[in-house]
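Visitor: For the sequence shown, UniProt numbering assigns the number 1 to the initial residue and increments by one for each residue that follows.
Think of the CB as a built atom: it goes at the ideal place given N, C-alpha and C, for glycine as much as any other residue.
Here it is, the structure in full.
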Amino acid sequence: ESQRWLTGDFNGDGKDDLVNVYGGLPSPPEAPSNLEVQVDGRNISLTWQDNSINEDGFEIVWRGTKEGSSEHNGSQKINTPNRESYTLTELKQGFNYCIRVKAFNEGGESSNTRSACAKIPIAPREFSVTLKRQPIIEGFVPYLGKYPEFGIASGRLQKIRIPQIGSRDFVLRFVKPGFSTANCGNPNAVISIPEGGTTTSEEIMQIYGVTEPRYSSAQPISFLACYAHSNPSSPLPTNIPIMITVTSD
Numbered sequence: 001e002s003q004r005w006l007t008g009d010f011n012g013d014g015k016d017d018l019v020n021v022y023g024g025l026p027s028p029p030e031a032p033s034n035l036e037v038q039v040d041g042r043n044i045s046l047t048w049q050d051n052s053i054n055e056d057g058f059e060i061v062w063r064g065t066k067e068g069s070s071e072h073n074g075s076q077k078i079n080t081p082n083r084e085s086y087t088l089t090e091l092k093q094g095f096n097y098c099i100r101v102k103a104f105n106e107g108g109e110s111s112n113t114r115s116a117c118a119k120i121p122i123a124p125r126e127f128s129v130t131l132k133r134q135p136i137i138e139g140f141v142p143y144l145g146k147y148p149e150f151g152i153a154s155g156r157l158q159k160i161r162i163p164q165i166g167s168r169d170f171v172l173r174f175v176k177p178g179f180s181t182a183n184c185g186n187p188n189a190v191i192s193i194p195e196g197g198t199t200t201s202e203e204i205m206q207i208y209g210v211t212e213p214r215y216s217s218a219q220p221i222s223f224l225a226c227y228a229h230s231n232p233s234s235p236l237p238t239n240i241p242i243m244i245t246v247t248s249d
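Structure follows, in structure tokens:
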């Protein structure tokens, strides 16, 4: 039963008093609905539909999980009625968050919304990979590298960058699937990235067959390329450093 109040000078002190006629508590609020979530970096924006007319506020409850890590769980009370949005900030990268919202007042809590889930992505990181010259009798000289070379790691490759090294003025010709370094003279068999250049997602697709190829400790990703210099008499380097951008699992 809802509270009802009367105002008047009930104790004779000349001042108005506020008296609860029934002394009862309000009925619990109706549950919110239509919870939606959207990820922006390490933040999750929430929106929902407020279906109650007597709530004092809302409570957001979340559970964050990531394989191999302790759960990141929590809750946040919003002591504001008629609210239909909120943003959870500074959440943990790589965690999948499942979130619910409920309304509350002095009479109790509503039921929860359905659970809505979203994953906080891991920010891309850049690593160095060394392409090593491979032995060959004649023809184009192949260079080969892999990532990861050691340790435990898994994720996806996003792009390859060829650092600017002095004034070498060289190009790396990455070999497409179905071809070998013997085909480095065929422009249809390679993707050429100049010194100082960075691959596009389309070029990664042509080199690996997918836009974000997976790698793991058990299955490292390989980088096979030929070296081409504007001066044919330029000596061949033993090693060529490249930079790769990856997102880890």
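With DSSP collapsed to three states, give me the class of Ile165.
Guide: Three-state result, Ile165: coil.
Visitor: Per DSSP, which one or two residues make a beta bridge with residue 270?
Guide: For the chain, the structure presents residues 1 to 249; residue 270 sits outside this window and is missing.
Visitor: Three or more beta-carbon pairs under 8 angstroms between the stretch 48-66 and the stretch 87-102, yes or no?
Guide: Segments in contact, yes.
Visitor: On the three-pair Cβ rule with 8 angstroms, is the stretch 208-220 touching the stretch 232-242?
Guide: No contact exists between the stretch 208-220 and the stretch 232-242.
Visitor: Can you have a look at Thr80 and say buried or exposed, based on whether 16 or more other CB atoms are within 10 angstroms of its CB?
Guide: Exposed.
Visitor: How about His72 and Asp169: do their beta carbons lie closer than 8 angstroms?
Guide: Against a cut-off of 8 angstroms, the Cβ pair of Asp169 and His72 comes out as no contact.
Visitor: Give the straight-line distance between the Cα atoms of Trp62 and Glu30, rounded to the nearest whole angstrom.
Guide: Between Trp62 and Glu30, the C-alpha separation is close to 20 angstroms.
Visitor: Between Ile204 and Leu157, which are expected to be in contact by the criterion C-beta below 8 angstroms, what is the C-beta distance as a whole number of angstroms?
Guide: About 7 angstroms; that satisfies the 8 angstroms criterion.
Visitor: Which two residues bound the contiguous alpha helix (DSSP H) that contains Gln49?
Guide: From DSSP, Gln49 is part of no alpha helix (DSSP H) but of the beta strand (DSSP E) over Asn43 to Gln49.
Visitor: If you run the structure through DSSP and keep just helix, strand and coil, what is Ser201?
Guide: It is helical.
Visitor: According to the Cβ coordinates, are Tyr143 and Arg133 closer than 8 angstroms?
Guide: Yes, the pair counts as a contact, with Cβ atoms nearer than the cut-off.
Visitor: If you follow the beta strand (DSSP E) that Leu25 is part of, which residue opens it and which one closes it?
Guide: Segment: none, Leu25 is in no beta strand (DSSP E) and carries neither H nor E.
Visitor: Val246 to Phe127, Cα distance in whole Å?
Guide: So the two alpha carbons sit approximately 8 angstroms from each other.
Visitor: May I ask you to report which of helix, strand or coil DSSP gives Ile240?
Guide: Three-state result, Ile240: strand.
Visitor: Taking the alpha carbon of Tyr227 as the reference point, which residue from Ile244, Ser201, Pro194 and Met243 has its own alpha carbon closest?
Guide: Closest by alpha carbon: Pro194.
Visitor: Just curious, the beta strand (DSSP E) that Val37 is in, first and last residue?
Guide: Looking at the DSSP string, the run of the beta strand (DSSP E) that includes Val37 is Ser33 to Asp40.
Visitor: Return the CA-CA distance between Gly64 and Cys117, expressed in angstroms with no decimal places.
Guide: About 9 angstroms.
Visitor: Contact check, Gly197 vs Ile162 under 8 angstroms by CB: the rounded distance?
Guide: Right, their Cβ atoms sit about 5 angstroms apart.
Visitor: Nearest CA to the CA of Ser33: which residue from Asn96, Gly108, Glu67 and Arg114?
Guide: Out of Asn96, Gly108, Glu67 and Arg114, Arg114 has the C-alpha closest to the C-alpha of Ser33.
Visitor: With C-beta atoms as the reference, is residue 254 less than 8 angstroms away from Lys77?
Guide: There is no way to answer for residue 254, as the model of the chain reaches only from 1 to 249.
Visitor: Report the three-state DSSP secondary structure of Asn183 (helix, strand or coil).
Guide: If DSSP states are grouped into helix, strand and coil, Asn183 belongs with the helices.
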